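Trainee: As numbered in our numbering, residues 1 to 313 make up the sequence shown, in order.
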Amino acid sequence: MSTIFTNDPIEAAAFIKIGGIVAFPTETVYGLGADVFDEKAVARIFEAKRRPADNPLIAHISDLGQMSELADAITTTAEELIEAFFPGPLTIVLNKRETVPSIATAGLDTIGIRMPRFAIAHEFLKACATPVVAPSANLSGRPSPTTWQAVAEDLDGRVDCILQGDPTQIGLESTVVDCTSDVAVILRSGSVSLEEIRRVLPDARAYETSSPDIARSPGMLHQHYSPRARVSFVDGPTEATDGADAAYIGIHPPAGKFVLEHVSASVEEYAHSLFEFFRQCDRKGIKTIYCERVASTGIGTALMDRLGRAAER
Ligand code: TXA
Ligand code: MG
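#1: Name the DSSP beta bridge partners of Ser-232, please?
#2: Can the beta-carbon of Pro-322 be found less than 9 Å from the beta-carbon of Ile-45?
#3: Since I believe Phe-118 is in contact with Pro-25 (beta carbons under 8 Å), could you give me their beta-carbon distance rounded to a whole number of angstroms?
#4: How is Lys-17 classed by DSSP in three states: helix, strand or coil?
#5: Going by the beta-carbon positions, is the gap between Val-132 and Gly-31 smaller than 9 Å?
#6: Nearest chain C C-beta to Cys-281 closer than 9 Å, yes or no?
#7: What is the residue span of the alpha helix (DSSP H) that Ile-197 lies within?
#8: Measure the C-alpha to C-alpha separation of Ala-266 and His-272 and round it to an integer number of angstroms.
#9: In whole angstroms, what is the alpha-carbon distance linking Ile-214 and Ala-73?
#10: Around the ligand MG, which residues pass a check of Cβ closer than 6 Å to any of its heavy atoms?
#11: Who are the Cβ neighbours of Gly-285 in its own chain at under 8 Å, not counting the five residues just before and after it?
#12: With distances taken between CB atoms, is the gap from Gly-157 to Thr-3 smaller than 9 Å?
#13: If distances are taken between C-alpha atoms only, which option among Asp-35, Ile-289, Ala-43 and Thr-77 comes closest to Gln-66?
#14: Does DSSP classify Ile-4 as helix, strand or coil?
#15: Once the 5 residues before and after Cys-161 are set aside, which same chain residues still bring their CB inside 6 Å of it?
#16: Run the proximity test for Asp-178: is its beta-carbon closer than 8 Å to any non-hydrogen atom belonging to the ligand TXA?
#17: Quick one: Cα of Phe-258 to Cα of Leu-303, how far?
#18: Is it right to say Met-1 is buried, meaning 16 or more other beta carbons lie within 10 angstroms of its own, or is it exposed?
#19: May I ask you to check if the CB of Tyr-270 is nearer than 8 Å to at least one heavy atom of the ligand TXA?
#20: Per DSSP, His-122 is paired with what?
#21: If I follow the unbroken beta strand (DSSP E) through Glu-261, where does it start and stop?
#22: Short of 6 Å in beta carbon distance, which residues of its chain neighbour Asp-235, apart from the five on each side in sequence? Order them along the chain.
#23: Scan the stretch 38 to 95 and note each continuous alpha helix (DSSP H) run of 4 residues or more that stays entirely inside, going in chain order.
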């Protein structure tokens with residue numbers, strides 16, 4: 001298959017209307033989209049990414065009217081979060097309508113819904129005129145793409161179209177929140193923090209992973225976000241002294257010299273740079289990536305979650 005590259009959201013949307021799969025930018029990471037109601041197109045997403053069939057997809061919308069095409073009922077918890085965070089990097093999980101094909105939700109009777117705030121994503125989704133399910137536009141297990149070039153690295157020749165936009169603003173995926181009951185539960189940490197959610201819903205809590213076999217967000221069970229290099233934590237820059245075939249990323253300069261180094265001015269910038277840095281390390285054949293640990297507050301929670309998963313292999 002030859003992949004069409006374009007920077008025109010209308011041209012990209014035309015592929016969705018004929019059953020195609022299209023990679024597009026959002027403020028978090030690039031997604032790989034298909035019409036939620038087109039089962040064949042949705043199946044092609046799983047194939048292109050080599051994604052396990054038990055991992056559900058997030059539906060992306062351009063206006064709130066589309067909620068009723070996807071969700072059975074909007075709960076009060078969902079209403080509060082929509083009011084506070086839509087459009088933006090937050091996904092709400094609600095009971096799905098029967099008309100939503102089960103392949104999109106991996107057989108679950110719930111569906112994740114998000115309204116991106118990136119202007120180009122909005123234009124693309126509006127032109128699609130249907131909710132678009134989209135996982136991150138990487139091969140399954142690889143770091144999520146934050147540039148169209150990273151998408152092409154994994155998916156050129158495997159998708160119909162890549163919509164070329166700017167690099168993403170945030171660099172980590174959306175926060176996924178279960179809103180099916182009175183208490184909002186964070187299933188995946190992301191760029192909207194627990195602290196921010198609690199300002200709107202004081203009872204909100206993080207999902208306890210004490211029984212990993214019953215994770216409510218199936219994607220959290222799969223291996224994720226991994227560069228080919230080994231990921232190793234350092235608690236402070238002075239621990240980062242070994243430079244051979246190694247790289248360093250953190251918010252303080254390392255003690256030693258490394259083949260690749262990335263020192264960010266803030267935790268936000270660290271989060272923003274992480275996935276592209278992982279890919280850069282792979283291109284250079286780096287063997288070990290030393291990553292500075294940060295405090296688990298704000299976006300630091302999501303950053304430490306992704307780093308932890310990348311280090312698990
Ligand atoms: O920022 C993002 O969320 C990006 C952009 C493209 O929107 N998308 C993304 O999708 O990261 P993906 O498929 O890579 O991750 C979706 C996560 C997975 O952990 C999945 O298990 C969870 O959301 N999820 C999706 N639908 C769910 C549902 N109905 N119930 C529980 N978890 C769900
Ligand atoms: Mg993903």
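Don't be surprised by glycine CBs; every beta carbon is placed ideally from N, CA and C. What you are looking at is a predicted structure, and each value in this text was computed from that prediction instead of being measured.
Mentor: Concretely, from the data shown:
#1: Tyr-290
#2: This structure does not reach residue 322, given that the chain is present from 1 up to 313, and the question cannot be answered.
#3: Phe-118 and Pro-25 do touch by the CB rule: their CB atoms are close to 6 Å apart, below 8 Å.
#4: helix
#5: yes
#6: Given the protein chain composition of this structure (a single chain), no chain C is represented.
#7: 194 to 200
#8: Going by the sequence as given, residue 266 is Ser instead of Ala. Their backbone Cα atoms lie some 10 Å apart in a straight line.
#9: For Ile-214, the pLDDT reaches just 48, beneath the cut-off of 50, and the residue's location in the model is therefore unreliable, although a value from the coordinates is still provided. Between Ile-214 and Ala-73, the C-alpha separation is close to 25 Å.
#10: Pro-135, Ser-136 and Ser-144
#11: Asp-245
#12: yes
#13: Asp-35
#14: strand
#15: Ile-4, Ala-12, Phe-15 and Val-22, listed in sequence order.
#16: Distances between the C-beta of Asp-178 and the heavy atoms of the ligand TXA include at least one below 8 Å.
#17: 22 Å
#18: exposed
#19: no
#20: None, per the DSSP bridge assignment.
#21: 260 to 263
#22: Arg-293
#23: Fully enclosed alpha helix (DSSP H) runs of no fewer than 4 residues occupy 39 to 49, 67 to 70 and 76 to 85 of the stretch 38 to 95, in order along the chain.
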